[in-house]
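S.K.:
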Amino acid sequence: PDRYAVAGNPVAHSRSPEIHAAFAAQTGQSLVYERLLCPLDGFEAAIRDFVASGARGCNVTVPFKFDAFRLAARRTSRAELAGAVNTLRFDTEGGWLGDNTDGAGLVADIERNAARPLRGQRVLLIGAGGASAGVLGSLIGGRPAEIRIVNRSADKAVALAASHRAWADDHGVRLSAGGLDAPAPDGRHDVMINGTSASLSGAGLPLPDPDAPVLAVGGLAVDMMYGAAAAPFLDWAAGQAGAGGATRDGLGMLVEQAAEAFLLWRGVRPDSAAVLADLRRRLA
Ligand code: ATR
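Positions 196 to 479 (my numbering) are the ones given, in order, by the sequence shown.
1) Listed in chain order, which residues are found with a beta carbon closer than 7 Å to a heavy atom of the ligand ATR?
2) Considering only residues of the same chain and omitting the five flanking positions on each side of Phe-245, which have a CB-CB separation below 8 Å?
3) Taking C-beta to C-beta, are Asp-364 and Gln-316 nearer than 8 Å?
4) Considering only C-alpha positions, which residue in the set Asp-430, Val-417, Ala-425 is nearest to Asp-304?
5) How many Å lie between Arg-464 and Phe-218 at the Cα?
6) Looking at Asp-444: is its Cβ nearer than 8 Å to the Cβ of Gly-422?
7) Which class does Leu-375 belong to by DSSP, given the choice of helix, strand or coil?
8) Go to Leu-402, then tell me how far its alpha helix (DSSP H) extends in each direction, as first and last residue.
9) Between Arg-251, Gly-300, Ala-279, which has its C-alpha nearest Glu-288's C-alpha?
10) Please report the distance separating the alpha-carbon of Arg-311 from that of Ser-248.
11) Pick helix, strand or coil for Leu-334, following the three-state DSSP scheme.
12) Three-state secondary structure (DSSP) at Gly-413?
13) So Leu-355 and Ser-333 are supposed to be a Cβ contact under 8 Å. How far apart are they, rounded?
14) Just tell me which of Leu-471, Val-206, Leu-395 has its CA closest to the CA of Met-448.
15) In chain order, what residues of the same chain have a beta carbon less than 8 Å from the beta carbon of Arg-338, not counting five sequence neighbours either side?
16) Closer than 6 Å by C-beta to Glu-451: which residues in its own chain qualify, once you throw out the five before and the five after it? Chain order, please.
17) Taking C-alpha atoms, which residue in Arg-273, Val-257, Val-227 lies nearest to Leu-235?
18) Let me check understanding here. Comparing Cα to Cα, which of Arg-270, Ala-279, Glu-213 lies closest to Lys-260?
19) To the nearest angstrom, how far is it from the Cα of Ala-432 to the Cα of Leu-410?
20) Alpha carbon to alpha carbon, what distance is there between Ser-396 and Pro-212?
21) So, for Asp-294: in the same chain, excluding its five sequence neighbours on each side, which residues have a beta-carbon less than 6 Å away from its beta-carbon?
22) Whole angstroms are fine: how far does the CA of Ile-214 sit from the CA of Leu-474?
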């Protein structure tokens, strides 16, 4: 069978092997999907060994998405926009293809799984690190009315907005950026996305003033992390959104980005909703 893997450091916690095994079983594809723990200073060598062993592709996670970007001979436009690659396909002709499916995964989770089309919406993206950079292009592609990026270091938010300015203009999206103290210059947002790692540092919420109104009543909040790491932000957001509000942790995005990678490798789109429901049951 064809070999695939998720390459990262650490990777022991990754759910990708079980997700791709479920996709393969569901679509009748013959493949094996492993975990590839790469030394921090040896990503390229580990990938070349993996390819030499007959591998057809891999997912790439922290902290190697920028190395993967450099290793790709060709890149999709969404990978170019993200400046990072989370999916490699080891084509024998034309060289390795680098893609980034994170943003498409997030948008699929918002629009299909949560049934909240982005078109015309006011979106708040909190954080301007790798996670946010990876999804901004796809969020713009959903043609919301506006996207406000806020970050602890305002200059990083401003730089992220600048790198997507032309893309936003092409899509008729108002794009602005600032610090965490200025989340909503003209009112609450319909969709709020946490792309920070604040919960990992024990800070809980990324925003300094939990009482400031940020999310519209009935709005949707998404945390790109899943499980317990997402709980403080989503609990707070649920209070802001009130009745009719909705929250999503990052498990849906994880399964949907995997489905996009599976499609790139195998040419078949799996039934991601069924796999997500099953994974959620098993993690509960
Ligand atoms: P990742 O790849 O997970 O995005 P990163 O590139 O290091 O990792 O980005 C981490 C993000 O979380 C940044 O937006 C960071 O803000 P700064 O750019 O100001 O560092 C944000 N972040 C981390 N800890 C935070 C905290 N305690 N409060 C608010 N934002 C935080």
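Idealized CB from N, CA, C, for every residue including glycine.
On a predicted model such as this, the values are computed, not experimentally measured, just so you know.
M.R.: Let's see:
1) Val-257, Gly-322, Ala-323, Gly-324, Gly-325, Ala-326, Ser-327, Asn-346, Arg-347, Ser-348, Lys-351, Leu-375, Gly-390, Thr-391, Ser-392, Ala-393, Ser-396, Ala-398, Pro-401
2) Sequence index remark: in the sequence shown, residue 245 carries index 50 (1-based). Counting only Cβ-Cβ distances below 8 Å, and skipping sequence neighbours, we find Arg-198, Ala-200, Ala-202, Leu-231, Cys-253.
3) Your numbering for residue 364 matches position 169 in the sequence shown. Your numbering for residue 316 matches position 121 in the sequence shown. No, the Cβ-Cβ distance between Asp-364 and Gln-316 is not below 8 Å.
4) By one-based count along the sequence shown, residue 304 stands at place 109. That would be Val-417, whose Cα lies nearest to the Cα of Asp-304.
5) In the sequence shown, the residue the question calls residue 464 occupies position 269. In the sequence shown, the residue the question calls residue 218 occupies position 23. When rounded, the distance between both Cα atoms is 9 Å.
6) As a first step, residue 444 is located in the sequence shown; it is residue number 249 there, counting from the start. As a first step, residue 422 is located in the sequence shown; it is residue number 227 there, counting from the start. Contact: yes.
7) Counting from 1 along the sequence shown, the entry for residue 375 is found at position 180. Of the three classes helix, strand and coil, the one that applies to Leu-375 here is coil, per DSSP.
8) For this step, residue 402 is matched to residue 207 along the sequence shown. Here Leu-402 belongs to no alpha helix (DSSP H), and DSSP marks it neither H nor E.
9) Along the sequence shown, read from residue 1 onward, the residue named residue 288 stands at position 93. With distances taken between Cα atoms, Glu-288 lies closest to Arg-251.
10) Residue numbering aside, residue 311 sits at position 116 when the sequence shown is read from its first letter. Residue numbering aside, residue 248 sits at position 53 when the sequence shown is read from its first letter. C-alpha separation (whole angstroms): 43 Å.
11) The residue labelled residue 334 in the question sits at position 139 within the sequence shown. Helix.
12) Walking along the sequence shown from the start, residue 413 turns up at place 218. DSSP places Gly-413 in strand when its eight states are reduced to three.
13) Residue mapping note: residue 355 aligns to position 160 of the sequence shown, counting from 1. Residue mapping note: residue 333 aligns to position 138 of the sequence shown, counting from 1. That belief does not hold up - the Cβ atoms of Leu-355 and Ser-333 are roughly 14 Å apart, past 8 Å.
14) Along the sequence shown, read from residue 1 onward, the residue named residue 448 stands at position 253. The residue with the shortest Cα to Cα distance from Met-448 is Leu-471.
15) For the purposes of this step, residue 338 is taken as the residue at position 143 of the sequence shown. For Arg-338, where only same-chain residues beyond five positions count, the Cβ hits under 8 Å are Leu-313, Arg-314, Gly-315, His-366, Gly-367, Val-368.
16) As a working note, residue 451 is residue 256 in the sequence shown. Hits under 6 Å: Gly-300, Ala-303, Asp-304, Ser-467.
17) Mapped onto the sequence shown, residue 235 falls at position 40. Here the closest residue by C-alpha is Val-257.
18) Within the sequence shown, the letter at position 65 stands for residue 260. Selected option, being the one with the closest Cα: Ala-279.
19) Residue 432 sits at position 237 when you count from the first residue of the sequence shown. Residue 410 sits at position 215 when you count from the first residue of the sequence shown. So the two alpha carbons sit approximately 7 Å from each other.
20) For this step, residue 212 is matched to residue 17 along the sequence shown. For this step, residue 396 is matched to residue 201 along the sequence shown. Approximately 27 Å between the Cα atoms of the pair.
21) In the sequence shown, residue 294 corresponds to position 99, counting from 1. So the qualifying residues of the chain are Thr-271, Ala-274, Thr-282, Leu-459.
22) Walking along the sequence shown from the start, residue 474 turns up at place 279. Walking along the sequence shown from the start, residue 214 turns up at place 19. For Leu-474 and Ile-214, the distance between alpha carbons rounds to 8 Å.
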